[in-house]
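Some notes on the structure that comes next.
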Amino acid sequence: MLALTKLHPEFGVTASGVDLAAALNDVAFKEIEDASFAGQVMVFRDQRLTPLQFHAFARRFGPPEPHVIDQFHHPDCSDILILSNVVRDGRPTGLADGGTYFHTDYSYLDIPARCTMLYSIVVPKIGGDTLFANQYAAYDDLSAAMKARVENLIGLHHYGNRDDLNETSRTVASVLTDDQKKRMNWVRHRIARAHPVTGRKALYAVAGSSFGIEGMPDDEAIALLDELKAHATQPKYQYRLKYSVGDLVIWDNASLLHSATLIDPNDARTLWRITVKEPKP
Ligand code: SIN
10 MLALTKLHPE FGVTASGVDL AAALNDVAFK EIEDASFAGQ VMVFRDQRLT
60 PLQFHAFARR FGPPEPHVID QFHHPDCSDI LILSNVVRDG RPTGLADGGT
110 YFHTDYSYLD IPARCTMLYS IVVPKIGGDT LFANQYAAYD DLSAAMKARV
160 ENLIGLHHYG NRDDLNETSR TVASVLTDDQ KKRMNWVRHR IARAHPVTGR
210 KALYAVAGSS FGIEGMPDDE AIALLDELKA HATQPKYQYR LKYSVGDLVI
260 WDNASLLHSA TLIDPNDART LWRITVKEPK P
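Using the working numbering, read the sequence shown as starting at 10 and increasing by one per residue.
Printed below as a string of structure tokens:
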């Protein structure tokens, strides 16, 4: 039976009483799905999953979208992206330093991510946590004047980290090949976005892929996005998740920003990641 414990006073839950490797009936799955949207971050501890079991669970939330960085897809399942700093025989085994800045997954796609799941395989000795920032709370706390200002604004998004475009930096968005870059387009998303499941408004992707605002001069747009980002990533909106081997975390991309944290590159960290998209409108 699903049992939930709070991780943080405002958001985040640990879920116990469920073996995600077992077949879940529709009632059991719906309970998990509802709790994941209510909790925004949901962690299942001590799971033992093969790539295909992980995939079978993830795809019940929506259509998995393989990451554009296809050189690190899992050999048994291309919907799994391997996040890892481990180098074997001189070759990286996964994507290192992925997403080490606040962002929202796939906000650079027309149909963005519903939720992302990470399954923890190797945990570093120090750090390797993921930070989450609650964008419902950040929106709710805006002044009435700022809510009115952003109400009808459309953010312009592209793959990248607007705060770091230096391809040699560890906090740049993971660098794409020329072919992968050609697949990336500009897309539009509301800044004050109604959550597609709960209907509740949240600030959406004010950090990371947002590079402009429709109809606004660039300097004014960046100043506004930077002001919103500074507000939305304050420590009071954040929760820091620490991993153990076997943890599976699900997070709601429409109501959160998240950021990986930099660690010693020689301290091994490996997770498998699946991101599922929102359904087509
Ligand atoms: C991500 O942003 O997808 C990765 C987060 C992490 O590695 O902590």
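Beta carbons are placed, not taken as given, at the ideal position from N, Cα and C, and that holds for glycine.
Please read all numbers here as calculations on a predicted model, not as lab measurements.
Item to check | Stretch pair the stretch 205 to 221 + the stretch 157 to 168: three plus CB contacts closer than 8 Å | outcome: yes
Item to check | For residue 88 and residue 255, believed in contact at Cβ under 8 Å, the rounded distance | outcome: Actually they do not touch by this definition, with Cβ atoms about 20 Å apart.
Checklist entry - Hey, how far is the Cα of residue 12 from the Cα of residue 222? => result 42 Å
Next on the checklist: Considering Cα atoms alone, identify which of 82, 213, 91, 132 is closest to residue 273.
Outcome noted: 132
Checklist entry - So residue 261 is in the beta strand (DSSP E); what residue range does that whole segment cover? => result 257 to 261
Checklist entry - What's the C-alpha gap between residue 162 and residue 156? => result 10 Å
Checklist entry - Which class does residue 25 belong to by DSSP, given the choice of helix, strand or coil? => result strand
Item to check | Backbone CA spacing between residue 16 and residue 46 [nearest angstrom] | outcome: 15 Å
Checklist entry - For residue 59, which option in 140, 145, 280, 285 has the closest C-alpha, if you only look at C-alpha atoms? => result 280
Next on the checklist: Please determine whether the Cβ atom of residue 179 lies at a distance below 7 Å from any heavy atom of the ligand SIN.
Outcome noted: no
Item to check | Proximal residues to residue 209 (C-beta, below 8 Å), its chain only, five neighbours per side dropped | outcome: 145, 203, 264
Checklist entry - Roughly how many angstroms lie between the CA atoms of residue 134 and residue 277, to the nearest whole one? => result 8 Å
Checklist entry - With DSSP run on the structure shown, which of helix, strand or coil describes residue 128? => result strand
Next on the checklist: Assuming residue 248 is part of the beta strand (DSSP E), what are its boundary residues?
Outcome noted: 247 to 250
Checklist entry - Name the DSSP beta bridge partners of residue 290, please? => result Per DSSP, none; premise fails for residue 290.
Checklist entry - According to DSSP, what are the bridge partners of residue 238? => result Looking at the DSSP assignment, residue 238 forms no beta bridge with any residue, so it has no partner.
Checklist entry - Can you list the alpha helix (DSSP H) stretches of 4 or more residues lying completely in the stretch 55 to 139, in chain order? => result 60 to 67
Checklist entry - So, are the CB atoms of residue 124 and residue 260 less than 8 Å apart? => result yes
Item to check | The alpha helix (DSSP H) enclosing residue 268, as first and last residue numbers | outcome: That residue, residue 268, is in no alpha helix (DSSP H); its beta strand (DSSP E) goes 265 to 269.
Next on the checklist: Can you tell me whether residue 48 is helix, strand or coil according to DSSP?
Outcome noted: helix
Checklist entry - Would the stretch 238 to 246 and the stretch 195 to 202 be scored as touching if the rule is three or more Cβ pairs under 8 Å? => result no
Item to check | Of the residues 28, 100, 283, 290, the one placed nearest residue 64, counting alpha carbons only | outcome: 283
Checklist entry - residue 171: beta carbon under 7 Å from a heavy atom of the ligand SIN? => result no
Next on the checklist: Measuring only from the beta carbon, is residue 269 closer than 7 Å to any heavy atom that is part of the ligand SIN?
Outcome noted: yes
Checklist entry - For residue 11, which three-state DSSP category applies? => result coil
Item to check | Nearest-angstrom Cα separation, counted from residue 49 out to residue 25 | outcome: 16 Å
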